[in-house]
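Take the sequence shown: its position 199, counted from the start at 1, is 199 in the UniProt record's numbering, and no numbers get skipped.
Ideal Cβ placement from N, Cα and C applies to all residues, glycine included.
Working notes, structure below.
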Amino acid sequence: MLSLPKEVTIIEVGPRDGLQNEKNFVPTETKLMFINKLAGAGIKEMELTSFVSPKWVPQMQDATEIVASPPDIPTNIVLAPNRKGIDRALELGCRSVAVFVGVSNSFNKKNINKSTKESLEELKPIITELKKKDIFVRACISTAFYCPFEGKVAESDTLRLCEEFVAAGVDELSVADTIGMAAPSESFSLFSSLKERLPNVLLTAHFHDTRKMALANIFAALQAGIDRFDTSAGGLGGCPFAPGATGNVATEDVVYMLERMGISTGIDLTKLVEAIDTVSPALSRKIESGYYQLSKK
């Protein structure tokens with residue numbers, strides 16, 4: 001076994017990425033309880049919500065209320081994909097902002113009606129502005145491995161986009177297997193290259209579990225030197241603009257695997273399950289992650 005990190009940071013994306021595709025509107029008070037219980041379980045970094053049009057993502061219509069009561073943790077992230085969303089985030093005092101671009105032009109156009117190049121050029125001056133205001137900027141790189149419309153994405157294209165974001169000044173790259181098609185060999189290859197080329201930026205791996213490959217891909221990324229992972233409590237998630245994209249890898253499954261391997265996460269699994277119990281009655285789907293199901297037996 002190659003050298004593995006002694007500690008890993010889990011970035012909880014359940015309240016935003018996990019709930020954005022949920023058919024039922026989850027009441028704001030339930031979301032806030034979910035968020036606070038996740039913080040109580042030991043989560044230190046979390047995506048809370050997104051400032052997007054409620055017409056396209058109705059679940060996020062209460063973003064203002066959510067950010068008005070943030071949990072007391074080091075990093076509360078909001079997604080703000082365009083100028084309007086970023087202005088709202090700044091007005092409300094948000095200090096950590098995520099932007100996103102798909103490596104695939106087809107995905108990007110379906111998502112925000114712009115090519116990858118157009119999106120990047122629009123975001124560059126915004127990133128400069130945010131950094132002047134000392135805002136933490138996280139760049140989410142969608143379709144880093146495969147696209148639902150174009151198929152296999154060239155690793156060189158993903159590397160090029162990541163390098164451009166780093167040159168623009170972002171603090172973190174969250175690199176996503178949006179439709180859950182990556183194989184461990186592809187995970188190891190891409191993240192090894194990113195670690196080599198971009199040693200001075202936070203690198204985070206974001207895997208969906210569509211084909212039950214997420215844990216294997218996380219293990220491969222660990223071997224490539226990655227020690228930050230986006231996960232979603234209960235395995236919630238999916239992208240409304242990516243056909244076939246099912247839930248994110250479940251936080252509880254990842255924490256269980258890492259802790260069994262002797263890698264510290266600082267997360268209490270019992271309290272994590274309690275957080276999932278808070279939100280599950282409001283969902284249209286059943287929580288099916290392995291650890292959660294076993295915890296109920």
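| task | Go through the segment 187-220 residue by residue and report every complete run of the beta strand (DSSP E) that reaches 3 residues or more, in order. | result | 202-207
| If we ignore side chains and look at the alpha-carbon of each, how far apart do Ile179 and Asp209 end up? | 8 Å
| field | Touch test, the segment 60-75 against the segment 103-117, Cβ-Cβ under 8 Å, three pairs minimum | value | no
| task | Evaluate Pro148 with the Cβ neighbour count: other Cβ atoms within 10 Å of its Cβ, from every protein chain shown; 16 or more gives buried, anything less gives exposed. | result | buried
| query | What first and last residue would you give for the alpha helix (DSSP H) that runs through Val279? | reply | 269-279
| Of the choices Ala154, Thr143, Asp171, whose alpha-carbon is the least far from that of Lys132? | Asp171
| Rounded separation between residue 352 and Gly234 - CA only | There is no way to answer for residue 352, as the model of the chain reaches only from 1 to 297.
| query | Which runs of the alpha helix (DSSP H) fall wholly inside the segment 17-67 and span at least 4 residues, in chain order? | reply | 28-40
| said: Which residues does DSSP list as the beta-bridge partners of Tyr146? | reply: Lys152
| field | Proximity below 8 Å, CB of His206 to CB of Ala176 | value | yes
| request: Below 7 Å CB to CB, which residues in the same chain sit around Thr49 once its five sequence neighbours on both sides are set aside? | output: Pro15, Arg16, Met60, Ala63, Ile66, Val67, Val78
| request: Express the C-alpha separation of Ser96 and Phe219 in angstroms, rounding to a whole number. | output: 28 Å
| Option in Thr143, Lys152, Ala139 with minimal Cα separation from Gly169 | Ala139
| message | Considering only DSSP beta bridges, list what Ala139 is partnered with. | response | Val99, Leu173
| field | Start and end residues, alpha helix (DSSP H) containing Glu118 | value | 116-132
| request: Measure from the alpha carbon of Ala144 to the alpha carbon of each residue in Val101, Glu121, Ala214, then state which is nearest. | output: Val101
| query | Of all the options Ser3, Ala80, Tyr146, Met33, which has the alpha carbon lying nearest to the alpha carbon of Ser106? | reply | Tyr146
| query | So, using beta-carbon positions, are Phe191 and Ala221 closer together than 8 Å? | reply | yes
| said: In the DSSP assignment, the alpha helix (DSSP H) including Asn105 goes from what residue to what residue? | reply: 105-112
| message | To the nearest angstrom, how far is the alpha carbon of Tyr291 from that of Glu252? | response | 6 Å
| field | Classification of Gln293 by the beta-carbon crowding that lies within 10 angstroms, buried from 16 upward | value | exposed
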